Amino acid sequence: MLVTGGGRGIGAATALLAGQRGYAVAVNYTSDATSATAVVERIRAGGGQALAVQADVSDEAQVLAMYARVDRELGPLTALVNNAGVVDSTQRLAEQSLARWQRMFAINVFGTLLCSREAVKRMSTKHGGQYGGGQGGAIVNLSSVAAQLGGAGQYVDYAAAKGAVDSFTRGLAREVATEGIRVNAVRPGVIETDIHASGGQPDRAQRMAGMIPMQRPGTAQEIAQAILWLLSNGASYATSAVLDVSGGR
Ligand code: NAP
Numbered sequence: 001m002l003v004t005g006g007g008r009g010i011g012a013a014t015a016l017l018a019g020q021r022g023y024a025v026a027v028n029y030t031s032d033a034t035s036a037t038a039v040v041e042r043i044r045a046g047g048g049q050a051l052a053v054q055a056d057v058s059d060e061a062q063v064l065a066m067y068a069r070v071d072r073e074l075g076p077l078t079a080l081v082n083n084a085g086v087v088d089s090t091q092r093l094a095e096q097s098l099a100r101w102q103r104m105f106a107i108n109v110f111g112t113l114l115c116s117r118e119a120v121k122r123m124s125t126k127h128g129g130q131y132g133g134g135q136g137g138a139i140v141n142l143s144s145v146a147a148q149l150g151g152a153g154q155y156v157d158y159a160a161a162k163g164a165v166d167s168f169t170r171g172l173a174r175e176v177a178t179e180g181i182r183v184n185a186v187r188p189g190v191i192e193t194d195i196h197a198s199g200g201q202p203d204r205a206q207r208m209a210g211m212i213p214m215q216r217p218g219t220a221q222e223i224a225q226a227i228l229w230l231l232s233n234g235a236s237y238a239t240s241a242v243l244d245v246s247g248g249r
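Letter by letter, the sequence shown follows residues 1 to 249 in the UniProt record's numbering.
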């Protein structure tokens, strides 16, 4: 399994759970090598196989190099979690710059497309051979309830990027449905991770609690459980699904 942005937050919880379930896990990161290495060490300490691999998912050359290393060191890919994602500071559209939108879409959308393209080449029963794969597989994309709510007054660009992830999930799922690959998405609600601090609102998850029907933010582990289920054989008939895991939000 390859988990992009697997060193922290939802990605780290997913990589750790995958390690417990017997996957060999490639833990991708872009800048925080210490966190990614810690996740790898925890998986190895539990008897699992794992590898930390640096790449900016929005950079094609880095994504290709990451896949080459995963092919070499872990063998054929059977599962991809497109988890790497960013928000930005709270701004109304009128204040936002093109540079902000370019980064938002480069990481959240093009990163997901790039990593999925390389996964499909390896998993598809129509490809195979060249990459030693072709045995099928599963992909889970991280969307957000923001795709439905729109992010007004906060980050409409992030919400639009996640809307693109939803559309891409539905389309790719149907494109490869007869090639042994299932593609689904999870739409988390408000989850306690560092992402809120990175958007300048470290207390956002707790502040939002009263606006969530279950009256609390979710945990990264609760999202990881949904991701692992969608990747598992237990979800063998689920493809093109977009699953809200949001405490009702
Ligand atoms: P997080 O704690 O901020 O972690 C983000 C991860 O993404 C980090 O591991 C980071 O790598 C990685 N990353 C960022 N840019 C990257 C790039 N260009 N290339 C590769 N990796 C990159 O975020 P999170 O809350 O766990 O969110 C994970 C996903 O869930 C995101 O797609 C997010 O949009 C989505 N989501 C989160 C929430 C929430 O409330 N937390 C809600 C809805 C959806 P480094 O460790 O190297 O910095």
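Glycine included, each C-beta is placed from N, C-alpha and C at the ideal position.
Small disclaimer: the values here were computed from a predicted structure and weren't measured.
Within the segment 107–153, the complete beta strand (DSSP E) segments at least 3 residues long are 137–142, listed from N- to C-terminus. In the structure shown, the three-state DSSP call for G218 is strand. Secondary structure at D71: helix, using DSSP grouped into helix, strand and coil. DSSP places Y29 in the uninterrupted beta strand (DSSP E) bounded by V25 to Y29. The shortest CA-to-CA distance from P217 to any of V145, S167 and N233 is the one to V145. Between M211 and G247 a beta carbon distance of about 10 Å is seen, past the 8 Å cut, so the two are scored as non-contacting. Under the DSSP assignment, R182 falls in the beta strand (DSSP E) whose first and last residues are I181 to P188.
G9 is classed as buried because its beta carbon has at least 16 other beta carbons within 10 Å across all chains shown. Going by beta carbons, E192 and A173 fall outside the 8 Å limit. Inside the segment 79–107, DSSP marks whole beta strand (DSSP E) runs of 3 or more residues at positions 79–82, from first to last along the chain. In the structure shown, Q54 falls within a strand segment according to DSSP collapsed to helix, strand and coil.
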